[in-house]
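Since the structure comes first, as structure tokens, the remarks are kept for the end.
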Amino acid sequence: MKYILFDKDGTLIHYHDTWIPFSLGMVEDFVKAFNIESAQDELLYDLGYRNGAVQPNTALAAGSTHDFYRAFGKHGDIKVIENWVKDYYAQNITDAMQDIEIIEGAKEVLKKTRELGYKNVVCTNDSRRSAQMFIDKFDLEDYVDDLVCGDDTPYSKPDTRILEPFLQRNDTSFDKMIMIGDNTSDTQLGSEHGLFTVGVLSGTGTRESLHGANHIINDVTELITDGKFVFDDVFSR
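Heads up: the sequence shown begins at 31 in this note's numbering, then just goes up one per residue.
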């Protein structure tokens, strides 16, 4: 079996219109809740919002909830802050997900790769709840075979230990997988195991920032040419 692992934010869905407003709002509410408004600029910088934009390969661009805990945790009791972040996420994620937009042509790519016999996997540092809401919103149940999420394990991309439950339940290995994503957390995932990675420019990453990518494309629609998956020969290396 051949597996194509797709990052979610910036790869299958547009990142900027949804997650930047959500994240900026969370930071603003956090500093007000803990009466530390003076720390807002520092916190935004630590998360990766600099010069009015999200920088590639930062917590905002590709981090997990663990990365947010670390950044927020500098400003108070870590347990109290973790609970605040969890509660904020739980209370606001549904509204945020209403605004997400899928990358044009991404659903058709998932449908085509599935028709060609590949297994599609959403591999994200985001939560399982968010990933499932994305699948439900765009009716992708028939085209996504598995999920790898940031709250499944204590680890996040590019740490390959995030993949251990997936590898075990599917009895597969790195040579049967390709990773597609818009940050180095994607393009460096499994580098020590020879995992082939493809960087996309549809999210926060740039050609200069996508270190470790074996190949870089504009977006996922370039994965299909003449009805075929363009990187199929990778599986026969």
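We treat Cβ as the ideally placed atom computed from N, Cα and C, and that holds for glycine.
The structure displayed is predicted, hence computed values, not measured ones.
Tell me whether the beta-carbon of D37 lies closer than 9 Å to the beta-carbon of I192.
Taking the sequence shown and counting its residues from 1, one reaches residue 37 at position 7. Taking the sequence shown and counting its residues from 1, one reaches residue 192 at position 162. Contact: no.
Residues sharing a beta bridge with R80, DSSP:
Here residue 80 refers to the residue found at position 50 of the sequence shown. DSSP, once it has assigned bridges, lists A83 as partnering R80.
Sorted by chain position, which residues of the same chain lie with C-beta nearer than 7 Å to E112's C-beta, five sequence neighbours on each side aside?
In the sequence shown, counting from the first residue as 1, residue 112 sits at position 82. Cβ within range, chain order: Y99.
If you follow the alpha helix (DSSP H) that N122 is part of, which residue opens it and which one closes it?
The count along the sequence shown starts at 1 and reaches residue 122 at position 92. For N122, the uninterrupted alpha helix (DSSP H) run begins and ends at 108 to 127, by DSSP.
Could you give the DSSP three-state label for Y33: helix, strand or coil?
In the sequence shown, counting from the first residue as 1, residue 33 sits at position 3. In the structure shown, Y33 sits in a strand (DSSP, three-state: E or B).
Would you check if there are 3 or more beta carbon pairs closer than 8 Å linking the region 213 to 231 to the region 51 to 65?
They do not touch, by the three-pair rule.
Is it the case that the region 175 to 193 contacts the region 141 to 158, given that we only count it when at least three CB pairs across the two stretches are under 8 Å?
In this structure the region 141 to 158 touches the region 175 to 193; the number of beta carbon pairs closer than 8 Å is three or more.
Just to confirm, are I123 and M163 a CB contact at a threshold of 9 Å?
The sequence position of residue 123 within the sequence shown is 93, counting from 1. The sequence position of residue 163 within the sequence shown is 133, counting from 1. Yes.
Taking 6 Å as the limit between beta carbons, can you name the residues of its chain near H241, skipping five residues before and five after?
Taking the first residue of the sequence shown as position 1, residue 241 is located at position 211. Excluding residues within five positions, the ones whose Cβ falls inside 6 Å are T214.
For the structure I just gave you, are there three or more beta carbon pairs, one from the region 259 to 266 and one from the region 114 to 123, closer than 8 Å?
Here the region 259 to 266 does not lie against the region 114 to 123, with fewer than 3 beta-carbon pairs under 8 Å apart.
Length of the line joining the Cα atoms of F265 and V57:
Along the sequence shown, read from residue 1 onward, the residue named residue 265 stands at position 235. Along the sequence shown, read from residue 1 onward, the residue named residue 57 stands at position 27. C-alpha separation (whole angstroms): 43 Å.
Segment limits, beta strand (DSSP E) that includes F226
Taking the sequence shown and counting its residues from 1, one reaches residue 226 at position 196. Following the DSSP letters along the chain, one finds F226 inside the beta strand (DSSP E) bounded by residues 226 to 230.
Shortest alpha-carbon distance to H105 belongs to which of I34, F204, E72?
To locate residue 105, count along the sequence shown from 1; it is residue 75. Of I34, F204, E72, the residue nearest in Cα terms is E72.
Cutting at 8 Å between CB atoms, please list the residues of its own chain near I247, excluding the five before and the five after it.
Counting from 1 along the sequence shown, the entry for residue 247 is found at position 217. Taking C-beta separations shorter than 8 Å and ignoring five residues to either side along the sequence, the partners of I247 in its chain run V228, G229, V230, L231, L253, following chain order.
Taking 8 Å as the limit between beta carbons, can you name the residues of its chain near K206, skipping five residues before and five after?
Here the question's residue 206 lines up with position 176 in the sequence shown. The beta carbon of K206 lies closer than 8 Å to those of M31, K32, Y33, F265 in the same chain, with the five residues before and after it left out.
Does F259 come out as helix, strand or coil in the three-state DSSP assignment?
Here the question's residue 259 lines up with position 229 in the sequence shown. Strand, per DSSP.
CB of D263 to nearest heavy atom of the ligand SAM: below 8 Å?
Because no ligand of any kind appears in the structure shown, any question about the ligand SAM cannot be addressed here.
DSSP three-state assignment for V174, whether helix, strand or coil:
Looking up residue 174 in the sequence shown gives position 144. Three-state result, V174: coil.
Alpha carbon to alpha carbon, how far is E171 from I165? Give it in angstroms, no decimals.
Position 135 of the sequence shown holds residue 165. Position 141 of the sequence shown holds residue 171. Roughly 6 Å separates the two Cα atoms.
To which residues does DSSP link M163 through a beta bridge?
Working through the sequence shown from its first residue, we reach residue 163 at position 133. DSSP output for M163 lists no bridge partner at all.
Restricting to Cα atoms, I'd like to know which of Y75, D182, S53 is closest to V152.
In the sequence shown, residue 152 corresponds to position 122, counting from 1. That would be D182, whose Cα lies nearest to the Cα of V152.
May I have the straight-line CA-CA distance separating Q70 from D249, to the nearest angstrom?
As a first step, residue 70 must be located in the sequence shown, where it is residue number 40. As a first step, residue 249 must be located in the sequence shown, where it is residue number 219. Per the coordinates, the alpha-carbon of Q70 lies some 33 Å from the alpha-carbon of D249.
Rounded Cβ spacing between S48 and A126 (contact assumed at less than 8 Å)
Within the sequence shown, numbered from 1, the residue matching residue 48 stands at position 18. Within the sequence shown, numbered from 1, the residue matching residue 126 stands at position 96. Looking at the sequence provided, one finds Thr at residue 48 rather than Ser. Sure, about 6 Å apart at Cβ, within 8 Å.
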